[in-house]
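With my numbering as the guide, the letters of the sequence shown map in order to residues 3 to 250.
In what follows, a structure is listed as structure tokens, so that the remarks can point back to it.
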Amino acid sequence: MARKKIVAGNWKMNMTPSQAVALCAQLKDLVVNPDVDVVYCVPAIDIVPVIEAVKGTNVQVGAENMYFEEKGAYTGEISAEMLVDAGVKYVIIGHSERRDYFKEDDALLNKKVKKAISAGLTPILCCGESLEQREMGVTMDWIRFQIKSDLVGVTADQVKDIVIAYEPIWAIGTGKTATTEQAEEVCKGIRECICEMYDEATAAAVRIQYGGSVNAGNAAELFAQPDIDGGLVGGASLKADFGKIVCY
Ligand code: PGA
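This is the structure in structure tokens:
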């Protein structure tokens, strides 16, 4: 069965609640493509107004982060249950900015992945190598380490429904996209890793996105690759161009 493409915007720390609502209105008619699942991953404070703003459209809403504990004394954190109750469907886990600036390690990310799944959220699990790692020739070793560590204890049935985003760190926000060949090579490698960890059916079902300077000009070629099932889009998700990416 063919995998449905999924294009998710990662708004990062952009858009006040009122700006968020205005952006939803601006993009509303531009992001309609029945062959693509469209997701806006938005800052926590924008979740409630954005869910209201996209009601009745094809857009689903995701969070950019969550905590793995059920509830309690974790000042500043947001639980999976809170996200679900608000109507959130997806949650980005392990973005390189969170791994880097907020020191989130794979043991923590594994807990978040498991919590998200058990709460009924779809994780968009990010992985990716630094420029130094690519130059050292350890890209695939590193990605395999991340995937294996972050999916400890996650069953094949659960993995089928998650989304994995391959985002080379050197391509994020730099305007320097991985070549189509580089992106496909790693996405294919991730699928092979899932096949080894689980089985062929699971590997064939899991959706793998490419992320890192995706724009209106390169989306079509990237998404045409056999192992690239869509994109995780930062900068270009904040403007009308996002419509062109969704309707690539
Ligand atoms: P970018 O960000 O599209 O601005 O490179 C992608 C991401 O970090 O998800």
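Ideal placement from N, C-alpha and C gives every residue a C-beta, glycine not left out.
Item: Any non-hydrogen atom of the ligand PGA within 7 Å of N12 CB; Value: yes
Item: In chain order, each alpha helix (DSSP H) run of at least 4 residues that lies wholly inside the stretch 160-247; Value: 182-199, 202-207, 221-225
Item: beta-carbon L253 near the ligand PGA non-hydrogen atom, thresh 7 Å; Value: The requested residue 253 does not occur in the structure, where the chain is confined to residues 3 to 250.
Item: Run of the alpha helix (DSSP H) containing I1, from where it starts to where it stops; Value: Since the first and last residues shown for the chain are 3 and 250, residue 1 lies out of range.
Item: Inter-residue CB distance, I80 and A46 (contact presumed, cutoff 8 Å); Value: 6 Å
Item: Exposure of F244, with buried meaning 16 or more beta-carbon neighbours within 10 Å; Value: buried
Item: Proximity below 8 Å, CB of V170 to CB of G214; Value: What sits at residue 170 in the sequence shown is Pro, not Val. A contact, by the Cβ cut-off of 8 Å.
Item: Rounded distance between the beta-carbons of V41 and G64, thought under 8 Å; Value: 5 Å
Item: Beta-carbon contacts of T326 that lie in its chain and below 7 Å, excluding the five residues immediately before and after; Value: Outside the shown range of the chain (3 to 250) lies residue 326, about which nothing can therefore be said.
Item: Entirely enclosed beta strand (DSSP E) segments - the stretch 44-101, minimum 3 residues; Value: 61-65, 92-95
Item: Where D143 falls: helix, strand or coil (DSSP); Value: helix
Item: Distance between D163 and A207 (C-alpha atoms, nearest Å); Value: 7 Å
Item: Residue from C26, R193, G177, E186 with nearest C-alpha to R146; Value: R193
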